[in-house]
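K.L.:
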Amino acid sequence: MRRLIPVSGMEDSEWEIRVIDDPHTANAFVLPGGKVFVYSGLIPIARNEHGLAAVLGHEIAHNLAQHVGERMSSQLGANILLYSLITLTGGIGILVTSWLGNVILDLVFSRPMGRRQEAEADYIGLMMMAEACYDPQEALGFWQRMKGMSEQEPPEWMSTHPSNSNRIQKIQEWMPKALEKLQESDCQGTAAFADLFKRALVGNSFMERRHDI
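The structure is reproduced here in structure tokens:
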């Protein structure tokens with residue numbers, strides 16, 4: 001975090017990272033205000049500080065891109081449209097319109113927006129970790145390991161997150177730019193952060209609602 005925050009431009013936030021003691025869950029999430037939570041099951045998949053930087057960069061990117069506010073604003077507009085349609089129906093039509101409208105809004109607005117936001121966070125996080133002198137190729141390895149551990153994924157159109165295969169493909173496309181950014185960065189003296197990383201993994205357990213990885 002100490003190397004990622006300066007390149008994020010969000011130094012004014014009170015950033016905090018907590019580890020949730022759950023070795024069976026490989027996930028991470030961020031709350032508004034700079035609170036990042038990582039399940040302990042994700043750490044072996046990250047493998048090293050570069051892999052963990054890919055995770056943390058992704059979560060920081062959600063706040064940087066103001067994804068929570070964007071989602072709330074979009075949901076408000078969608079609800080106004082839905083309620084307008086409901087008022088045009090009567091009796092049983094209200095129930096049918098409400099149910100069908102929620103399904104359509106979920107598939108047409110909410111889930112595609114979730115996938116777009118996740119892709120944005122992947123891209124921003126990748127560039128951020130490269131600028132902070134982490135190896136962006138570790139992000140590719142991280143998602144390849146996530147894919148290897150995952151059971152059969154549902155069709156992407158049914159999910160709020162891109163498939164692991166899609167994420168791997170996109171990161172491969174972005175990699176030349178990320179490597180260029182890494183080369184342009186002044187990466188002198190970063191070895192001193194290795195011990196800080198190891199100590200940071202011994203965190204406090206906490207559980208709360210989240211914005212998933």
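Quick note, the sequence shown lines up with residues 1 to 213 if you use full-length UniProt numbering.
We put the CB at the ideal spot given by N, CA and C, even for glycine.
Source: prediction; values computed, not measured.
Three-state secondary structure (DSSP) at residue 268?
P.N.:
Outside the shown range of the chain (1 to 213) lies residue 268, about which nothing can therefore be said.
K.L.:
Would you kindly work out how many angstroms separate the C-alpha atoms of residue 218 and residue 40, rounded to a whole number?
P.N.:
Outside the shown range of the chain (1 to 213) lies residue 218, about which nothing can therefore be said.
K.L.:
Kindly give me the distance between the Cβ atoms of residue 139 and residue 129, rounded to whole angstroms, as I take these residues to be in contact under 8 Å.
P.N.:
Sure, about 7 Å apart at Cβ, within 8 Å.
K.L.:
What residues match up with residue 132 in a beta bridge as DSSP calls it?
P.N.:
DSSP output for residue 132 lists no bridge partner at all.
K.L.:
I need the DSSP call for residue 65, collapsed to helix, strand or coil.
P.N.:
If DSSP states are grouped into helix, strand and coil, residue 65 belongs with coil.
K.L.:
Report yes if the CB atom of residue 43 is closer than 9 Å to the CB atom of residue 4, and no otherwise.
P.N.:
Cβ distance not < 9 Å, so residue 43 and residue 4 don't count as in contact.
K.L.:
Spatial neighbours of residue 178 within its chain, please: C-beta separation below 7 Å, excluding the five flanking residues on both sides.
P.N.:
Excluding positions up to five away in sequence, the list reads 126, 127, 130 and 136.
K.L.:
What three-state label does DSSP hand residue 18 in the structure shown?
P.N.:
Residue state, collapsed to three classes: strand.
K.L.:
Looking at the structure shown, is residue 190 part of a helix, part of a strand, or coil, going by DSSP?
P.N.:
Residue placement at residue 190 cannot be trusted, given a pLDDT of 49 that sits under 50; what the coordinates show is reported in the next sentence. Helix at residue 190.
K.L.:
The alpha helix (DSSP H) that contains residue 182, what's its start and end?
P.N.:
Run containing residue 182: 164 to 184, per the alpha helix (DSSP H) assignment.
K.L.:
On a Cα-Cα basis, can you pick out the residue from 171, 159 and 35 that is closest to residue 13?
P.N.:
The option with the nearest alpha carbon to residue 13 is 35.
K.L.:
Just to confirm the assignment, what range does the beta strand (DSSP E) spanning residue 31 have?
P.N.:
28 to 31 is the extent of the beta strand (DSSP E) around residue 31.
K.L.:
Measure the C-alpha to C-alpha separation of residue 18 and residue 37 and round it to an integer number of angstroms.
P.N.:
One C-alpha to the other measures close to 5 Å.
K.L.:
To which residues of the same chain is residue 121 closer than 6 Å at the C-beta, ignoring the five residues directly before and after it?
P.N.:
Correct list, in chain order: 58, 61 and 62.
K.L.:
Figure out for me which residue from 28, 66 and 175 has the closest Cα to the Cα of residue 8.
P.N.:
Residue 66 is the option with its Cα nearest to residue 8.
K.L.:
So, residue 26 versus residue 134, is the Cβ gap smaller than 9 Å?
P.N.:
Cβ atoms of residue 26 and residue 134: not closer than 9 Å.
K.L.:
Here's the rule I'm using: 16 or more other beta-carbon atoms within 10 Å means buried, otherwise exposed. How should residue 6 be labelled?
P.N.:
Result: exposed.
K.L.:
Given a threshold of 16 other Cβ atoms within 10 Å of its Cβ, counted over all protein chains shown, does residue 117 qualify as buried or as exposed?
P.N.:
Buried, since its Cβ has 16 or more Cβ neighbours within 10 Å.
K.L.:
Keeping to the same chain, check which residues put their C-beta closer than 7 Å to that of residue 171; ignore five residues upstream and five downstream.
P.N.:
Correct list, in chain order: 122, 126, 139, 140 and 143.
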